[in-house]
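Numbering (the numbering used here), first residue to last: 1 to 301.
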């Protein structure tokens, strides 16, 4: 068995802010990890879908797998000079996949990967300042404009077209399955092309560590994510923590917060931003800076 974390190859933190362009970012590196695990003998692969910097519907991942097992237009072990196809790759037929994700979104459409997640991940333009609530006080920070509407429509249309082509080839369509939109559509590629089984990532994790037993005598639980908003309530890790917390109060911390009232109404005891006003995104994402900001915030609880 092998465990692959896609953020290690196709993660948002691997890119500078200037490099975050969903039109060119590719999941090819994730495909290289999958291919490497298979070549080393893995017959069951668990894939953690989270923190991706891509919105390519997994096309890059599939290309990397084909490139690995179909060198020079041939499949390993065959002498056919014809160009290889996905269906020709026999080595994957005995490999099973489980994707761990708490995202329930489909691949495309109003609630798909591009419309929901691209505005969160791909802040490509800087603007003027806007008010933002930090630690219960109204402060200001540089306003960040997300991916343009035109870009989002192009990403969504690209994913839809890929799904339509794939559906004609396989005779079934898994683009609207819950989780197909995870990690910029990587969830779809695993479901459609690799027949993956989908599991709740947070459920898998919390059951493994026996979370309910760990916190039954706790006075307080602190959880967090990079950007907390109404999408947090759609099965992300903090929501899984909240659902299994019992009567223990849960504080949600994040590097960026919006939709605070919705988060509080969902049951979080407090919702706090770790960052001081005016900090740049690049500075806020530095590990040592984030750690210090978390320590300072935690000292007031």
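For each residue, glycine too, the CB sits at the ideal point set by N, CA and C.
Beta-bridge annotation (DSSP): residue 224 is paired with 253.
Secondary structure remark: continuous alpha helix (DSSP H) runs of at least 4 residues inside the stretch 242-296, in chain order: 260-266, 281-284. The DSSP-derived three-state label of residue 199 is strand. The Cβ atoms of residue 281 and residue 17 sit closer than 8 Å to each other.
Across the structure, residue 95 and residue 279 are spaced so that their CA atoms are roughly 46 Å apart.
Inter-residue distance for residue 39 and residue 65 is about 11 Å (C-alpha atoms, whole angstroms).
Under DSSP, residue 52 forms a beta bridge with 11. Nearest to residue 34 by alpha-carbon distance, out of 169, 5, 88, is 5.
When DSSP states are grouped into helix, strand and coil, residue 59 belongs to the helix group. By DSSP's assignment, residue 159 forms no beta bridge with any residue. The shortest CA-to-CA distance from residue 93 to any of 10, 193, 299 is the one to 193.
DSSP, reduced to helix, strand and coil, places residue 5 within a strand of the structure shown. With respect to the 8 Å criterion, residue 101 and residue 50 are classified as neighbours on the basis of their beta carbons.
In the structure shown, the three-state DSSP call for residue 24 is coil. Put simply, of 114, 157, 158, 208 the residue whose alpha carbon is nearest the alpha carbon of residue 181 is 114.
With respect to the C-alpha of residue 222, the residue from 244, 234, 231 having the closest C-alpha is 244. Counting other Cβ atoms within 10 Å of its Cβ, residue 28 reaches 16 or more and is therefore classed as buried. Counted as a single uninterrupted DSSP element, the stretch harbouring residue 113 is not any beta strand (DSSP E) but the alpha helix (DSSP H) occupying residues 113-121. Here DSSP, grouped into helix, strand and coil, assigns residue 152 to helix.
A straight-line Cα-Cα distance of about 4 Å links residue 106 and residue 176. CA-CA distance, residue 184 to residue 1, rounds to 25 Å.
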